[in-house]
Amino acid sequence: MFCALSFSQAQKNVTLSDHWLDTSFIAGSGNARFNDVWGFEHQGKNYGVMGSSQGTHVFQITQNELIEIDFQPGRYQNRYVEHRDFKTYKNYLYGVCDEGTSSLQIFDLNYLPDSLYKVYDEALYFQICHNIYIDTLTAKLYAAGPNNMGMQIFDISNPIDPVLIETFNSVDYVHDCFVRNDTAFLNCGFDGLQVYYFGNSPPTELGIIDFYPNQGYNHSGWLANTKNAYVFIDETKGTKLRYCEWNTSLSEIRITETFATKAYQDYVPHNVILLDNLAFVAYYNEGFRIFDLSSKPFKEIGIYDTFLEDTNYKLNGAWGVYIFENTNQILISDRQNGLFLFSFPIQLLNQPHQGTFISAVPFLDENGYLIPRDYLNEKELYFSIYAIDGQLIYAQENYLNYVHIPLSIASGTYVFTIYNQFGERVESGNFVKGN
Numbered sequence: 309m310f311c312a313l314s315f316s317q318a319q320k321n322v323t324l325s326d327h328w329l330d331t332s333f334i335a336g337s338g339n340a341r342f343n344d345v346w347g348f349e350h351q352g353k354n355y356g357v358m359g360s361s362q363g364t365h366v367f368q369i370t371q372n373e374l375i376e377i378d379f380q381p382g383r384y385q386n387r388y389v390e391h392r393d394f395k396t397y398k399n400y401l402y403g404v405c406d407e408g409t410s411s412l413q414i415f416d417l418n419y420l421p422d423s424l425y426k427v428y429d430e431a432l433y434f435q436i437c438h439n440i441y442i443d444t445l446t447a448k449l450y451a452a453g454p455n456n457m458g459m460q461i462f463d464i465s466n467p468i469d470p471v472l473i474e475t476f477n478s479v480d481y482v483h484d485c486f487v488r489n490d491t492a493f494l495n496c497g498f499d500g501l502q503v504y505y506f507g508n509s510p511p512t513e514l515g516i517i518d519f520y521p522n523q524g525y526n527h528s529g530w531l532a533n534t535k536n537a538y539v540f541i542d543e544t545k546g547t548k549l550r551y552c553e554w555n556t557s558l559s560e561i562r563i564t565e566t567f568a569t570k571a572y573q574d575y576v577p578h579n580v581i582l583l584d585n586l587a588f589v590a591y592y593n594e595g596f597r598i599f600d601l602s603s604k605p606f607k608e609i610g611i612y613d614t615f616l617e618d619t620n621y622k623l624n625g626a627w628g629v630y631i632f633e634n635t636n637q638i639l640i641s642d643r644q645n646g647l648f649l650f651s652f653p654i655q656l657l658n659q660p661h662q663g664t665f666i667s668a669v670p671f672l673d674e675n676g677y678l679i680p681r682d683y684l685n686e687k688e689l690y691f692s693i694y695a696i697d698g699q700l701i702y703a704q705e706n707y708l709n710y711v712h713i714p715l716s717i718a719s720g721t722y723v724f725t726i727y728n729q730f731g732e733r734v735e736s737g738n739f740v741k742g743n
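Every letter in the sequence shown is one number past the one before it in my numbering, and letter 348, counting from 1, is 656.
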C-alpha cells in the first residue's frame, strides 16, 4: 500500500522527490514498521533497499520516483523486529536481522528490475546480527555483534558461499563498523571507537578513542572519501557528532570538531554518511540533516523533518541514510513513515569550486546576462545558481547564446554550475553579486 503524507515543516534547501509508505502490516511499539536503508547501482540504474519488521523491500529509483519492485520476507517476521541491515558486493545483496530466529540472507541482483532472487538463507554462523559491512577491496564481510558477541569476518570471494576466517573478541561487542582495505573503524558502544587492521591474524590495533567529553554509546560512523577524516555518532541524547582527523598514523586519531543541530541537547543522532565536505545524517526525531564541513565551525545547510510528531521517546523517526552522489539523490528511511527520496546538489557543494568570477567581468553584465564561454563548445547547456548555503536560487536549461539572470537576487556570493546535455559538469565557480 502506498501512502503519501504531507511534510511541510522544518524544511531547508532539500527537495522531496517522492515518499513511500506501506501501512498494510501491523506496526510495533511507537507505530514503527521500518529500519535501515541501503542503495546500489546495477546495470546503469539506481536501487534502494529498506528493511521492515517483515523483511526486505526493494525499489527502483528514477529521477523523481520510488518504485517498489519486490519484497522478500525475512526468516523471522515479527511486529517488534527493529533491526535489519544490508550491504552489496558485486551482483549480490546481503541482509541480516538482530531479532528472533533470523539468518544471513543473500540475494542475486541479476534479475532486477523484475525481481530479487534469494540464493542463500542460513544461520550456520549466527542467527542474529546487528550490522554488516563489506570491504569490497578485499572481499570480506564483517558481521558486527553476531549472536551478541564481538565480530566475525567472512571471506566472500565466492559471493554465495561465505567462509568464516576470523572471530574477533578483543572487545565484548561491536555495534557497527566501517572498513576500507582491511582497516576497520569499530563502534564499540561504551568502549568507544577502536581502529584495527585485519590484513593479518591476529588483527593489529591501530588507534583508539575510548574516553572523550560528553561520551555516550558509540554507535556508528563513516570514513571520508579522500581525506584523513572520520565522523562517528554516539546514540545518546544530548551528544554531538564527532569529527576525527589524523596526520599519517591512526595512532594519532583525535576528535577535532563536534557538530549537531541547534536543539541537540533534547535529541539523538543515529546514522551518518560522510563525504569530504558534507555530512548526511539520519537524526531520529529531528529528521534528515545535512552539514557543510568545508570550513570550521561546521554549518547545518539542509533540513527535512520526516517525523513531525513531538514525542518523549527520542528514537523515533529518521533511521537510515544513503546517498547517490552522481545523481544528487538521497534516501532516508523513517521508522514510522517509510522511505523518502530527496534531491540536493551533492556534487556541486562537495567539490572544490573551480575559480572565482567577479560580477560583470565577464560573468554578469549590466543587464543581468550570463555570457557563455565559447570554448565550452557544447550544443546544449544547463545552468544553475545556488546560494552559499546550498539554496537553489536560479535554474535555466537549453540555452545556446545567453542566459538572463534576474538582477533582483540579493547581493552576495553565489555558486554556479554549467552542465552539458549529458549532465556532465563542464564549469563551476563562485561569483559575487554587487550592490
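In this text, a Cβ means the ideal position worked out from N, Cα and C, and glycines have one as well. Quick caveat, the model's predicted, so the values are computed rather than measured.
Identify, in the order they occur along the chain, each residue of the same chain with its Cβ nearer than 7 Å to the Cβ of residue 569, setting aside the five sequence neighbours on each side. 575, 591, 594, 597, 608
Selected residue, minimal CA-CA separation from residue 500, among 506, 518, 544, 646: 518
Residue 504 versus residue 534: straight-line alpha-carbon distance, rounded: 19 Å
Delimiting residues of the beta strand (DSSP E) encompassing residue 526: 526-531
Cβ of residue 431 within 7 Å of any heavy atom in the ligand COA? In the structure on display, the ligand COA does not appear, and there are no ligands present to speak of.
Cα-Cα separation, residue 546 to residue 624: 15 Å
Looking only at C-alpha atoms, which of 495, 448, 580, 628 sits nearest to residue 474? 448
Neighbourhood of residue 359 by C-beta, 6 Å cutoff - its chain only, sequence neighbours within 5 removed: 343, 344, 392
Nearest to residue 620 by CA position, among 328, 338, 325, is which residue? 338
Less than 8 Å between C-beta atoms, sequence neighbours within five positions excluded: which residues of the same chain meet that for residue 695? 701, 720, 722, 723
For residue 654, does the three-state DSSP call read helix, strand or coil? helix
With distances taken from CA atoms, which of 350, 530, 532 is nearest residue 423? 350
Residue 631 and residue 599: beta carbons closer than 8 Å? no
Under the rule that 16 or more other beta-carbon atoms within 10 Å means buried, what is residue 366, buried or exposed? buried
Counting C-beta neighbours from all protein chains within 10 Å, is the total for residue 480 16 or more, i.e. buried, or is it exposed? exposed
Should residue 384 be labelled buried (16 or more other beta-carbon atoms within 10 Å of its own) or exposed? buried
In three-state terms, what does DSSP make of residue 444? coil
Where residue 494 and residue 527 are concerned, what is the direct C-alpha to C-alpha distance, given to the nearest angstrom? 9 Å
Residue from 355, 403, 507 whose Cα sits closest to the Cα of residue 431: 403
Can you give, in chain order, each stretch of the beta strand (DSSP E) that sits fully within the stretch 478-524 and has at least 3 residues? 484-488, 491-495, 501-505, 512-517
Name the DSSP bridge partner or partners of residue 735? 726
Where residue 614 falls, given that 16 or more other Cβ within 10 Å makes a residue buried: buried
In terms of residue numbering, what span does the beta strand (DSSP E) encompassing residue 592 cover? Element bounds for residue 592: n/a, residue is neither H nor E.
So what does residue 346 bridge to, in DSSP terms? 357
Bridge-paired residues (DSSP) for residue 439: 452
How about residue 415 and residue 401: are their beta carbons less than 8 Å apart? yes
Residue 559 versus residue 513 - alpha carbon distance: 9 Å
Between which two residues does the beta strand (DSSP E) harbouring residue 630 extend? 626-632
Spatial neighbours of residue 579 in its chain, beta-carbon cut-off 6 Å, leaving aside the 5 residues before and after: 528, 590, 628, 629
So is residue 334 buried or exposed if we call it buried at 16+ other beta carbons inside 10 Å? exposed
With DSSP as the reference, label residue 572 as helix, strand or coil. helix
Report all residues from its chain with a CB closer than 6 Å to the CB of residue 369; omit the five preceding and five following residues, and keep chain order. 354, 356
Between the Cα of residue 450 and those of 417, 484, 418, spot the shortest distance and give me the residue it belongs to. 484
How about residue 577 and residue 549: are their beta carbons less than 8 Å apart? yes
Select from 428, 453, 465, 458 the residue whose C-alpha is nearest the C-alpha of residue 446. 465
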